[in-house]
Amino acid sequence: MKKLAVLTSGGDSPGMNAAIRAITRKSIYHGIEIYGIMNGYQGLIEGNIFKMEVGSVGDIIQRGGTKLRSARCQAFKTDEGQQAGIEQLKQKGIEGLIVIGGDGTFRGAKALTEKGFPCIGVPATIDNDIAGTDYTIGFDTALNTIIAAIDKIRDTATSHERTYVIEVMGRDAGDLALWAGLAAGAESILIPEKTDDISEVVHRIQRGHERGKKHSIIILAEGVASGIDYGKRLEEATNLEVRVTVLGHIQRGGSPTAFDRVLASRLGAKAVDLLLHGQAGQMVGMSENKLVNYDIAHVLSIEHAIEDKMYQLSKEISI
Ligand code: ADP
Numbered sequence: 000m001k002k003l004a005v006l007t008s009g010g011d012s013p014g015m016n017a018a019i020r021a022i023t024r025k026s027i028y029h030g031i032e033i034y035g036i037m038n039g040y041q042g043l044i045e046g047n048i049f050k051m052e053v054g055s056v057g058d059i060i061q062r063g064g065t066k067l068r069s070a071r072c073q074a075f076k077t078d079e080g081q082q083a084g085i086e087q088l089k090q091k092g093i094e095g096l097i098v099i100g101g102d103g104t105f106r107g108a109k110a111l112t113e114k115g116f117p118c119i120g121v122p123a124t125i126d127n128d129i130a131g132t133d134y135t136i137g138f139d140t141a142l143n144t145i146i147a148a149i150d151k152i153r154d155t156a157t158s159h160e161r162t163y164v165i166e167v168m169g170r171d172a173g174d175l176a177l178w179a180g181l182a183a184g185a186e187s188i189l190i191p192e193k194t195d196d197i198s199e200v201v202h203r204i205q206r207g208h209e210r211g212k213k214h215s216i217i218i219l220a221e222g223v224a225s226g227i228d229y230g231k232r233l234e235e236a237t238n239l240e241v242r243v244t245v246l247g248h249i250q251r252g253g254s255p256t257a258f259d260r261v262l263a264s265r266l267g268a269k270a271v272d273l274l275l276h277g278q279a280g281q282m283v284g285m286s287e288n289k290l291v292n293y294d295i296a297h298v299l300s301i302e303h304a305i306e307d308k309m310y311q312l313s314k315e316i317s318i
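At position 12 of the sequence shown (counting the first as 1) the number is 11 in numbering that gives the first Met the number 0, and the numbers step up by one without a gap.
Structure below.
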């Protein structure tokens, strides 16, 4: 292969830029021309493709978001959209594509590979909801953003003896809530994968009160309920003052942590290596601190699961 391309798609996550940088520089290191595609699959269909140089990715390793921008593109879910994309790539003589994104993005890569165009997927989403890798790019940064926010809220919760519900991102995946809850010492953690009755949360708060504890932090993944609604229900059930904070999009942005930058650099470089070794339709990942790669079709067929032992631990030590 002499020409490769890279795009970012779906929800952005901190560390995507570090991955773009690694892919660009690793390609150039091997004497390969590398092209950037703007706005994900939308830009691919439109031919919004430009050649990148070493300097094109300078000064971005520390930035959140994605320099290549991202977009959602319904047209790419169709046969015609995918063919149009392949045409654009072929016109420029590009022989392989690396996509950085989540499971939706990988479905696009799978479709292109099945149509004969070699693609590799790099997992980047703050949700950490992709099978085959212990961590996705952006998860660690989002987690640290959440922890910093909870620590600040805890100061107020302690001073005013209040119960706080903090809603974090995670429609289907509870990793952010679980890890944040453990790291911030939350009293209760509510995630979509587990059904915790509100009575259990009430019981925990009351048990804390009985031993003199006057404040509680409850972490709620958005997929379980709206924080506002849950806070109201909790207030009615406990007769305590409950405050709600919805962290929202601050969780998506910010400078990536060292962990995410290193992860993104390693995964990005591995993606280039795979294409240069004639592999296609693979996702790169990190498992037990080793770089791995799996068939995208296989990864998409496995439902992401949370670490049960970690969930159990959170219950055991948040008494
Ligand atoms: P994420 O990659 O973060 O999961 P999305 O689910 O929004 O984000 O997917 C990003 C883009 O990937 C979509 O806008 C669409 O262009 C493409 N995509 C999603 N699903 C498919 C599919 N089944 N076939 C082809 N392309 C898809």
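The beta-carbon is built from N, C-alpha and C at its ideal position, and this holds for glycine as well.
- Query: Rounded to a whole number of angstroms, what is the C-alpha to C-alpha distance between Leu246 and Glu221?
  - Reply: Cα to Cα, the separation comes out at about 10 Å.
- Return the first residue and the last residue of the alpha helix (DSSP H) that Glu86 is part of. Its alpha helix (DSSP H) spans residues 78-90.
- Message: Let me check understanding here. Comparing Cα to Cα, which of Met282, Val261, Val223 lies closest to Ala172?
- Response: In this structure, Val223 is the residue among Met282, Val261, Val223 with its C-alpha nearest to the C-alpha of Ala172.
- Query: Looking at the structure shown, is Phe116 part of a helix, part of a strand, or coil, going by DSSP?
  - Reply: Phe116: coil per DSSP, three-state reduction.
- Message: Could you check if Phe258 belongs to the surroundings of the ligand ADP, using beta carbon to heavy atom distance under 8 Å?
- Response: If you check the C-beta of Phe258 against the ligand ADP, you find no heavy atom less than 8 Å away.
- Burial state of Ile318 (16 or more Cβ within 10 Å): A residue is called buried once 16 or more other Cβ atoms fall within 10 Å of its Cβ, and Ile318, having fewer, is exposed.
- Message: Is it buried or exposed, Asp78, if we count other Cβ atoms within 10 angstroms and call 16 or more buried?
- Response: Sixteen is the threshold: since fewer than 16 other Cβ atoms of the shown chains lie within 10 Å of the Cβ of Asp78, the residue is exposed.
- For the candidate residues His276, Lys314, Ser8, Lys109, whose alpha-carbon lies nearest to that of Ser187? Ranked by Cα distance from Ser187, the options His276, Lys314, Ser8, Lys109 are led by Lys314.
- Write down the C-beta distance between Leu189 and Ala176 rounded to the nearest angstrom, noting that I regard them as a contact closer than 8 Å. Sure, about 7 Å apart at Cβ, within 8 Å.
- Query: From this set, Thr256, Cys118, Leu67, which residue's C-alpha is nearest Asp11's C-alpha?
  - Reply: For the set Thr256, Cys118, Leu67, the Cα lying nearest the Cα of Asp11 is the one of Leu67.
- Within the present structure, is the beta-carbon of Thr104 separated from the nearest heavy atom of the ligand ADP by less than 8 Å? Correct: Thr104 has its Cβ closer than 8 Å to the ligand ADP.
- With C-beta atoms as the reference, is Glu94 less than 9 Å away from Leu3? Yes; because the gap between Cβ atoms is below 9 Å, this pair is in contact.
- Message: Our contact map puts Gly252 next to Gly64 with C-beta atoms below 8 Å; I'd like the distance itself, whole angstroms only.
- Response: Right, the Cβ-Cβ distance comes to about 7 Å (below 8 Å), so this counts as a contact.
- Message: Suppose the cutoff is 7 Å on Cβ atoms and the five residues either side in sequence are ignored; what does the same chain contact list for Gly103 look like?
- Response: Short of 7 Å from the beta carbon of Gly103, and not among the five residues preceding or following it, lie these beta carbons of its own chain, in chain order: Gly9.
- Cutoff 7 Å; reference Asp228; Cβ partners in own chain excluding five residues on either side: Closer than 7 Å at the Cβ level, and outside the excluded window around Asp228, lies no residue.
- Tell me where the alpha helix (DSSP H) around Asp272 begins and ends. Taken as a continuous stretch (DSSP letters only), the alpha helix (DSSP H) holding Asp272 covers 257-275.
- Query: Looking only at C-alpha atoms, which of Gly92, Gly39, Ile99, Lys91 sits nearest to Lys76?
  - Reply: In terms of Cα proximity to Lys76, the closest of Gly92, Gly39, Ile99, Lys91 is Gly39.
- Message: Considering only heavy atoms of the ligand ADP, does any lie closer than 8 Å to the CB of Arg170?
- Response: No, the ligand ADP has no heavy atom inside 8 Å of this Cβ.
- Message: If distances are taken between C-alpha atoms only, which option among Ile218, Ile146, Asn16 comes closest to Tyr310?
- Response: Out of Ile218, Ile146, Asn16, Ile218 has the C-alpha closest to the C-alpha of Tyr310.
- How about Tyr34 and Phe49: do their beta carbons lie closer than 9 Å? Annotated as proximal: Tyr34 and Phe49, with beta-carbon spacing under 9 Å.
- Which one of Ala182, Ile216, His159, Ile316 has the shortest CA to CA distance from Val201? Per the Cα distances, Ile216.
- Query: Is the beta carbon of Ala147 within less than 8 Å of some heavy atom of the ligand ADP?
  - Reply: Because no heavy atom of the ligand ADP lies under 8 Å away, the Cβ of Ala147 does not count as near it: no.
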